[in-house]
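Taken in sequence, the protein lines are chains A and B. By the numbering used here, the letter at position 48 of the first sequence is numbered 48, and the numbering carries on one by one without gaps. By the numbering used here, the letter at position 22 of the second sequence is numbered 1022, and the numbering carries on one by one without gaps. To start, the structure under review is shown below, and the notes come after it.
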Amino acid sequence: NAGVTQTPKFQVLKTGQSMTLQCAQDMNHEYMSWYRQDPGMGLRLIHYSVGAGITDQGEVPNGYNVSRSTTEDFPLRLLSAAPSQTSVYFCASSHEALASFNEQYFGPGTRLTVT
Amino acid sequence: GENVEQHPSTLSVQEGDSAVIKCTYSDSASNYFPWYKQELGKGPQLIIDIRSNVGEKKDQRIAVTLNKTAKHFSLHITETQPEDSAVYFCAALRGYKLSFGAGTTVTVRA
Chain A
1 NAGVTQTPKF
11 QVLKTGQSMT
21 LQCAQDMNHE
31 YMSWYRQDPG
41 MGLRLIHYSV
51 GAGITDQGEV
61 PNGYNVSRST
71 TEDFPLRLLS
81 AAPSQTSVYF
91 CASSHEALAS
101 FNEQYFGPGT
111 RLTVT
Chain B
1001 GENVEQHPST
1011 LSVQEGDSAV
1021 IKCTYSDSAS
1031 NYFPWYKQEL
1041 GKGPQLIIDI
1051 RSNVGEKKDQ
1061 RIAVTLNKTA
1071 KHFSLHITET
1081 QPEDSAVYFC
1091 AALRGYKLSF
1101 GAGTTVTVRA
């Protein structure tokens, strides 16, 4: 198993540009989520999904969209990039809903810089 | 929403000594408390977790304690080794949402 994969590893955007961060997992996990990590602030939940076709907002959803058309993929879309979205983004997945206390596996991260 | 506070933000210990990291949470409905280790350039990795109906859990050199009444939980690493140097995060789960502490950078001095 490749686990949780994320592309790209690094990205530089100009303010106002849009882009999609890709996340895929090959473990047949129902639950997937996106976090952003900023210095001194830990990880903050952006959006999550408990299964294909179901998504919900996390702690900091503004400026981001998600969709879950398949079990494997959970892309994160930045609609109009802003410097405040400069961060490291992590995708994670777990078997069944996280509320069942299953281990959450993290991808390697995407480092995004918005100028 | 849930608020998780983590202390200290940095911790330097001599190899072989113990390290303790403490976290508090605000929402009494939180019922699952994992700890993650993050090495440079990598995603966080689960090292130990505890459920709200358990007071203590141990896995080799790592242990976690939970005090539900006081709403705090702690990570204990004994006999620290250089490979324990990393950033450690505590987290608390309420429903489908996991809230993280700000992290502790642990440095083990040889």
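Using N, Cα and C, we set each Cβ at its ideal position, and we do this for glycine too. Computed from a prediction, not measured in an experiment: that's the story for all the values here.
In three-state terms, what does DSSP make of residue i?
i, result
"Gln57/A", "strand"
"Ser33/A", "strand"
"Glu1083/B", "helix"
"Gln85/A", "helix"
"Pro1034/B", "strand"
"Asn28/A", "coil"
"Phe74/A", "coil"
"Ser1125/B", "Chain B is shown only over 1001 to 1110; residue 1125/B falls outside these bounds and no answer can be derived."
"Ala1092/B", "strand"
"Lys1068/B", "coil"
Identify the contact partners of residue i in chain B, using a Cβ-Cβ distance below 7 Å as the criterion.
i, result
"Leu112/A", "What Leu112/A touches in chain B: nothing, since even the nearest Cβ is about 15 Å away."
Would a check of beta-carbon distances place residue i closer than 8 Å to chain D?
i, result
"Phe1073/B", "Among the chains of the structure shown, chain D does not appear; the protein chains present are A and B."
Using only alpha-carbon positions, find the residue among the options that is nearest to residue i.
i, options, result
"Ala1070/B", "Ser1009/B, Ser1018/B, Ser1030/B", "Ser1030/B"
"Ile1062/B", "His1072/B, Leu1046/B, Ser1099/B", "Leu1046/B"
"Thr70/A", "Gly40/A, Val114/A, Tyr48/A, Gly53/A", "Gly53/A"
"Lys1058/B", "Lys1042/B, His1076/B, Tyr1032/B", "His1076/B"
"Gly1001/B", "Asn102/A, Tyr89/A, Gln57/A", "Gln57/A"
"Arg68/A", "Tyr89/A, Cys23/A, Gly109/A", "Cys23/A"
"Gln6/A", "Gly40/A, Gly51/A, Leu21/A, Pro39/A", "Leu21/A"
"Gln1060/B", "Trp1035/B, Leu1066/B, Ile1048/B, Gly1103/B", "Ile1048/B"
From residue i to residue j, what distance separates their C-alpha atoms?
i, j, result
"Ser1074/B", "Ala1110/B", "24 Å"
"Val1108/B", "Val1013/B", "5 Å"
"Pro1044/B", "Gly16/A", "30 Å"
"Tyr35/A", "Ile1021/B", "23 Å"
"Asp1027/B", "Lys1068/B", "10 Å"
"Ser1009/B", "Ala1086/B", "12 Å"
"Glu103/A", "Ser33/A", "13 Å"
"Lys1042/B", "Pro8/A", "14 Å"
"Arg44/A", "Tyr1096/B", "13 Å"
"Asp1084/B", "Glu1039/B", "9 Å"
"Glu59/A", "Ser1099/B", "9 Å"
Spatial neighbours of residue i within its chain, please: CB distance less than 7 Å, with the 5 preceding and 5 following residues excluded, ordered by chain position.
i, result
"Leu78/A", "Ser18, Met19, Gly63, Tyr64, Gln85"
"Asp1017/B", "Thr1080"
"Gln37/A", "Leu43, Ser87, Val88, Phe90"
Excluding sequence positions up to five away, which residues of its chain have a Cβ less than 8 Å from the Cβ of residue i?
i, result
"Gly1101/B", "Val1004, Glu1005, Gln1006, Cys1023, Phe1089, Cys1090, Ala1091"
"Gly3/A", "Gln25, Asp26, Met27, Tyr105, Gly107"
"Pro75/A", "Thr20, Leu21, Gln22, Cys23, Val66, Ser67"
"Glu1056/B", "Ile1050, Ala1063, Val1064, Thr1065, Leu1066"
"Gly109/A", "Gln6, Lys9, Gln37, Val88, Tyr89, Phe90"
Within the same chain, show all residues whose beta-carbon is closer than 6 Å to that of residue i, passing over the 5 residues directly before and after it, in chain order.
i, result
"Thr1105/B", "Thr1010, Val1087"
"Phe10/A", "Arg111"
"Tyr1032/B", "Arg1051, Leu1093"
"Asp73/A", "Ala24"
List, in chain order, every chain B residue whose beta-carbon is nearer than 8 Å to that of residue i.
i, result
"Gln104/A", "Pro1034, Leu1046, Leu1098"
"Glu59/A", "Gly1001, Lys1097, Ser1099"
Find the residues of chain A that neighbour residue i, judging by a C-beta separation of less than 7 Å, and give them in chain order.
i, result
"Gly1043/B", "Phe90, Phe106, Gly107, Pro108, Gly109"
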